[in-house]
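Respectively, the protein sequence lines represent chains A and B.
In this text, residue positions in the first sequence follow my numbering: the first is 40, and each later residue adds one.
In this text, residue positions in the second sequence follow my numbering: the first is 2, and each later residue adds one.
No residue lacks a Cβ here, since even glycine has one placed at the ideal position from N, Cα and C.
Report on one structure; see the data block that follows.
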Amino acid sequence: MTGLTLADAVAGILLLALTAYAVFAGADFGGGVWDLFASGPRRKAQRTAIAAALGPVWEANHVWLIFLLVGLFTAFPSVFATLSTALYLPFTIALLGIILRGAAFTFQAHGEEAVGELAPWGFVFGGASIIAPAFLGAALAAVASGSVRAAGGPDVTTGWVSWLALDLGLLAIALAAYLAATYLMVETEGDPPLQADFRRRAVGAAIVSGILALTGLVLTWRQAPLLWSALTGRGLWLLIIALANGPIAAFAVWRGSPRIARVSVAAQMVFVLWAWAVGQWPALVPPDFTIHGSAAPESTLGALVVTIAAGMVVVLPSLWLLFYVFKGRNPAPGLTDHRA
Amino acid sequence: MDNVTLSRAIMGTSLGFHIVFAVLGVGMPLLMLAAEGIGLWRHDPVWLALARRWAKAFALIFAIGAVSGTALSFELGLLWPGFMAFSGSVIGLPFSAEGFAFFIEAIFLGLYLYGWDRLRPLAHWLCSIPIAVSGAASSLFVVMVNAWMNSPTGFQVAGNRIIRVDPLAAAFNPSTPTEDVHMLVSAYLVSGFTVAAVYAAGFLRGHGDALHRRALPLAMVMAVLASGLAGITGDTSARFVADDQPIKFASQEGLFPTTAGAPLHIGGVPLPNEHRTVFAIEIPHLLSWLLKGDPNATIRGLNDFPRDQWPNVLIVHFSFETMVGLGIALGLCGLLYWLLAWRRRGPPTDRWMLLALVVAGPASVVAMESGWFVTEFGRQPWIIYGVMRTSTAATTTPALGPTFAIFLVLYAALGLTLTRLLLLLAQRERRRAATASTRTRPS
């Protein structure tokens, strides 16, 4: 591993942040999807379980995105500016989704005891939870396929209006839903019928995301040569692991082993993202922006790494505490369960 | 409207919306910390009930602050790519630190809101400390960035590219101490007066129960201390701006000719085309005396500077007068409250005092927003003072008009829903408290 620089280290940290956002906040978006599609006799119980699972953690999970944005503009300012210009529309729409999702969830969770069901906001929570990952996925497709160029004009549809972007947008929703349903299988271990509901949903999401992932590979091969060469070059071993892990995860879900399923489905997200990132290294936004060429001065990168290290010393144990208290065998109580 | 105007409009709306929740996110945790702490210490269930009630409201307020803050971190790039490409590497550090502060606040808020029955009482109370600390830290870190835009330091430029960066010098730029502290105490000021307004309104409508009698004085302690500090730090800020950004200073004071023995303009309308301020109450020599301690000291006026470097003098002067006027009124209101409380040996319930407090809540928000108007409009035409003009920093995307319209509708919807929910929540809590007290009343 010679030749790795401070810039590579920061890019690696940002990849970890993106991964954390996908694995944790992704599931929160997926929770919104299942809230929207709650059905059957246990409809209300499904929604309650989703709200209880999201409640204590969604804001902390959301901060990974802020961390990612801030890290990106500190360490790679020109890339941040170019992405924001080229992907103005998908980012703005995703942002609206993110705002509405958070607001709607909070209005529902904390307002319900005051007013009962809050008519439009329940629907907004689910709808926004679909919009945000879809447009982030499409934006990622534009980046990965090399459509975001340094000299790109203010064309608002560049790169993210393509079959591949459509596929990755849908895949993002499906993976989010898949993650959420698997996590919820763990959260509802004490309630077998409810757990069975989420198992069925997880199986459905597994099939849909499998189909979309394979379609995505074909589309990449036909239409995105740059990404294809990344995935079949340096990223090949991760792609192979992902292709092997996919069926294992799906099998664990189908067999109803929630804890193995949770780990392997989350790992699937990790392998897919890393296959792309490792594959395109040393490019950050191919083909024009490399990690080295677009990095901030060393003094900034050094200070950033020190700040992140110091920050993580405080944040990681705190996150552990949060998840220790509310996750695992301790599903969170609904806000309305207890009284002063 | 052109892209620069639209970008400013969207950014300004987003900031103006977000800051209300941001300051409550700084101040309310401290109130919750105090209420729960007193409750545990004195074994007083009413203080604990108060902390719980505030936590419920705060959950809503913090979430809206979090999502509107997310909008801002996106908008830095979406609206100002030129600014971010140039300065991201210089001012990213305080932003990153703010990211961590936000992390801590969100994590411990999750524990606090959902942990009432999951954590032991002392552990629960301890969770409020990192929330209050990181709330204050967020404010300090973010304002560092704005301070840098006012007094950019810590970098070297070659052409229009930054080649050498000293991120610590940028974070701790000359404006940082005054701006940071003034904003922090203003956050406590707004939180104190806003919470006080809620309970003053409760007293006025006849709900003055034990909870109200604890909440109002606690909020007023914060409000009165913060108004004193806001006055002192505001004075320091103004003196600093006079040296560092003389154009902004001359604009806020409505001073056109460079004057020996400059008067203080109270109110009035600056007329930039006629180079004078009309309809103001002029107190001769006062500005020179306030600023330099010498009634005949010379103060530089706007006429000394090229016209294309003037901000919108009317807005800056008017906002400054609003901030200072309201600030003084709020301080007096706080002092009066404690004077009455001392004379009556209890929270004053005089109708006029309570009415004044109800008005003081929104007035404190207006004062804080006006302060930001002074800072932001006063820095124009620069986005980075003396380095980059706002007009060169804005995005070229053609989609800004619809974006502005959508965000206006969005913020209106969020603001209205939040207000409605907070009111309903308060109503419900009151009803619950009323049934609880009739149930426990001895027969």
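The region 94 to 113 of chain B: positions lying closer than 8 Å to chain A by Cβ: Leu94, Phe96, Ser97, Ala98, Glu99, Gly100, Phe101, Phe103, Phe104, Ile105, Ala107, Ile108, Phe109, Leu110, Gly111 and Leu112
In terms of residues, what are the limits of the alpha helix (DSSP H) holding Pro231 of chain A? As a first step, residue 231 of chain A must be located in the first sequence, where it is residue number 192. That run of the alpha helix (DSSP H) goes Pro231 to Gln262.
In the DSSP output, which residue or residues are listed as bridge partners for Arg277 of chain B? Looking up residue 277 of chain B in the second sequence gives position 276. Answer by DSSP bridge pairing, in chain order: B:Leu272.
Determine, using beta carbons only, whether Leu360 of chain A comes closer than 9 Å to chain B. Taking the first residue of the first sequence as position 1, residue 360 of chain A is located at position 321. With 9 Å as the cut-off, Leu360 of chain A counts as an interface residue toward chain B.
Using a Cβ-Cβ distance cut-off of 9 Å, determine whether Pro168 of chain B contacts chain A. As a first step, residue 168 of chain B must be located in the second sequence, where it is residue number 167. Yes - at least one Cβ of chain A is within 9 Å of the one on Pro168 of chain B.
Can you tell me which of the three DSSP states Phe306 of chain B falls into? Residue 306 of chain B sits at position 305 when you count from the first residue of the second sequence. Phe306 of chain B falls in the coil class under three-state DSSP.
Unbroken alpha helix (DSSP H) runs of length 4 or more, entirely within the region 164 to 232 of chain A: which are they? 202 to 226
Does the count of Cβ pairs from the region 329 to 336 of chain B and the region 213 to 228 of chain B closer than 8 Å reach three? yes
Simplified DSSP assignment, three categories, for Val96 of chain A: Your numbering for residue 96 of chain A matches position 57 in the first sequence. Val96 of chain A falls in the coil class under three-state DSSP.
Is it the case that the Cβ atoms of Phe280 of chain B and Gly294 of chain B are separated by a distance below 9 Å? By one-based count along the second sequence, residue 280 of chain B stands at place 279. By one-based count along the second sequence, residue 294 of chain B stands at place 293. No, they are not a contact pair.
What is the DSSP secondary structure of Thr177 of chain B, reduced to helix, strand or coil? The count along the second sequence starts at 1 and reaches residue 177 of chain B at position 176. Three-state result, Thr177 of chain B: helix.
Residue from A:Ala216, A:Thr197, A:Leu108 and A:Trp315 with nearest C-alpha to Ser10 of chain A: Residue 10 of chain A lies beyond the stretch modelled for chain A, which goes from 40 to 379, so this question has no answer here.
Would you call the CB atoms of Leu270 of chain A and Leu203 of chain A closer than 9 Å? Reading the first sequence from its first residue, position 231 is the one you call residue 270 of chain A. Reading the first sequence from its first residue, position 164 is the one you call residue 203 of chain A. No, Cβ-Cβ distance for Leu270 of chain A and Leu203 of chain A is not below 9 Å.
DSSP state of Glu324 of chain A, grouped into three classes? Reading the first sequence from its first residue, position 285 is the one you call residue 324 of chain A. The sequence shown places Val at residue 324 of chain A, not Glu. In the structure shown, Val324 of chain A sits in a strand (DSSP, three-state: E or B).
Using a Cβ distance threshold of 8 Å, determine whether the region 339 to 358 of chain A contacts the region 102 to 122 of chain A, with at least three qualifying pairs required. yes
Going straight from the alpha carbon of Leu51 of chain B to that of Ala124 of chain B, what length do you get? Translated into the one-based positions of the second sequence, residue 51 of chain B becomes position 50. Translated into the one-based positions of the second sequence, residue 124 of chain B becomes position 123. Rounded to the nearest angstrom, the two C-alpha atoms are 18 Å apart.
His331 of chain A, DSSP secondary structure in three states: Position 292 of the first sequence, counted from the start, is the residue given in the question as residue 331 of chain A. The answer is coil: DSSP assigns His331 of chain A none of H, G, I, E or B.
Separation of Glu151 of chain A from Gly40 of chain B, as counted between CA atoms: Within the second sequence, residue 40 of chain B is the residue found at index 39, counting from 1. Within the first sequence, residue 151 of chain A is the residue found at index 112, counting from 1. Roughly 27 Å between the two C-alpha positions.
Which residues share a DSSP beta bridge with Ile163 of chain B? As a first step, residue 163 of chain B must be located in the second sequence, where it is residue number 162. Partner(s): B:Val158.
Complete runs of the alpha helix (DSSP H) confined to the region 168 to 243 of chain B [at least 4 residues]: 168 to 172 and 177 to 205
Residue of A:Val311, A:Leu214, A:Pro95 and A:Gly208 minimising C-alpha distance to Leu282 of chain A: On the first sequence, residue 282 of chain A is found 243 positions in, with the first residue counted as 1. Of the candidates A:Val311, A:Leu214, A:Pro95 and A:Gly208, the one whose C-alpha sits nearest the C-alpha of Leu282 of chain A is A:Val311.
When the Cα of Thr346 of chain A is compared with those of B:Gly416, B:Phe96, B:Ala137 and B:Leu110, which residue comes out closest? Mapped onto the first sequence, residue 346 of chain A falls at position 307. Checked all of B:Gly416, B:Phe96, B:Ala137 and B:Leu110; the closest Cα to Thr346 of chain A is B:Phe96.
Over what stretch of residues does the alpha helix (DSSP H) that includes Leu32 of chain B continue unbroken? For the purposes of this step, residue 32 of chain B is taken as the residue at position 31 of the second sequence. Element bounds for Leu32 of chain B: Asn4 to Arg43.
Determine the contact status of Phe306 of chain B and Ala251 of chain B, defining contact as a CB-CB distance below 9 Å. For the purposes of this step, residue 306 of chain B is taken as residue 305 along the second sequence, with counting starting at 1. For the purposes of this step, residue 251 of chain B is taken as residue 250 along the second sequence, with counting starting at 1. Yes, Cβ-Cβ distance for Phe306 of chain B and Ala251 of chain B is below 9 Å.
One question on the structure: do Pro321 of chain A and Val182 of chain A come within less than 9 Å of each other, judged by their Cβ atoms? Taking the first residue of the first sequence as 1, we reach residue 321 of chain A at position 282. Taking the first residue of the first sequence as 1, we reach residue 182 of chain A at position 143. No. Outside cutoff.
Using the beta-carbon count (16 or more within 10 Å), is His213 of chain B buried or exposed? Against the second sequence, residue 213 of chain B aligns to sequence position 212. Buried is the call here.
Coarse secondary structure for His318 of chain B, derived from DSSP in three states: Mapped onto the second sequence, residue 318 of chain B falls at position 317. If DSSP states are grouped into helix, strand and coil, His318 of chain B belongs with the helices.
For Leu126 of chain A, the three-state DSSP class (helix, strand or coil): For the purposes of this step, residue 126 of chain A is taken as the residue at position 87 of the first sequence. DSSP places Leu126 of chain A in coil when its eight states are reduced to three.
In the DSSP assignment, what are the bridge partners of Leu265 of chain B? Counting from 1 along the second sequence, the entry for residue 265 of chain B is found at position 264. Answer by DSSP bridge pairing, in chain order: B:Ile284.
Checking the sheet assignment: what are the DSSP bridge partners for Ile329 of chain B? Within the second sequence, numbered from 1, the residue matching residue 329 of chain B stands at position 328. None; Ile329 of chain B has no bridge partner.
Cross-strand partners of Arg390 of chain B (DSSP beta bridge): Locating residue 390 of chain B in the second sequence gives position 389, counting from the first residue. In the DSSP output, where bridge partners are listed per residue, Arg390 of chain B has B:Trp383.
Leu214 of chain A to Leu120 of chain B span [Cα, whole Å]: On the first sequence, residue 214 of chain A is found 175 positions in, with the first residue counted as 1. On the second sequence, residue 120 of chain B is found 119 positions in, with the first residue counted as 1. C-alpha separation (whole angstroms): 34 Å.
Measure the beta-carbon distance from Ile62 of chain B to Phe18 of chain B and round it to whole angstroms, keeping in mind my assumption that it falls under 8 Å. Translated into positions along the second sequence, residue 62 of chain B becomes position 61. Translated into positions along the second sequence, residue 18 of chain B becomes position 17. That belief does not hold up - the Cβ atoms of Ile62 of chain B and Phe18 of chain B are roughly 12 Å apart, past 8 Å.
Going along chain A, which residues have a C-beta under 7 Å from Lys57 of chain B? Here residue 57 of chain B refers to the residue found at position 56 of the second sequence. Those are His149, listed as they occur along chain A.
Could you name the residues that DSSP lists as bridge partners for Ile300 of chain B? Numbered from its first residue, the second sequence carries residue 300 of chain B at position 299. B:Thr260, per the DSSP bridge assignment.
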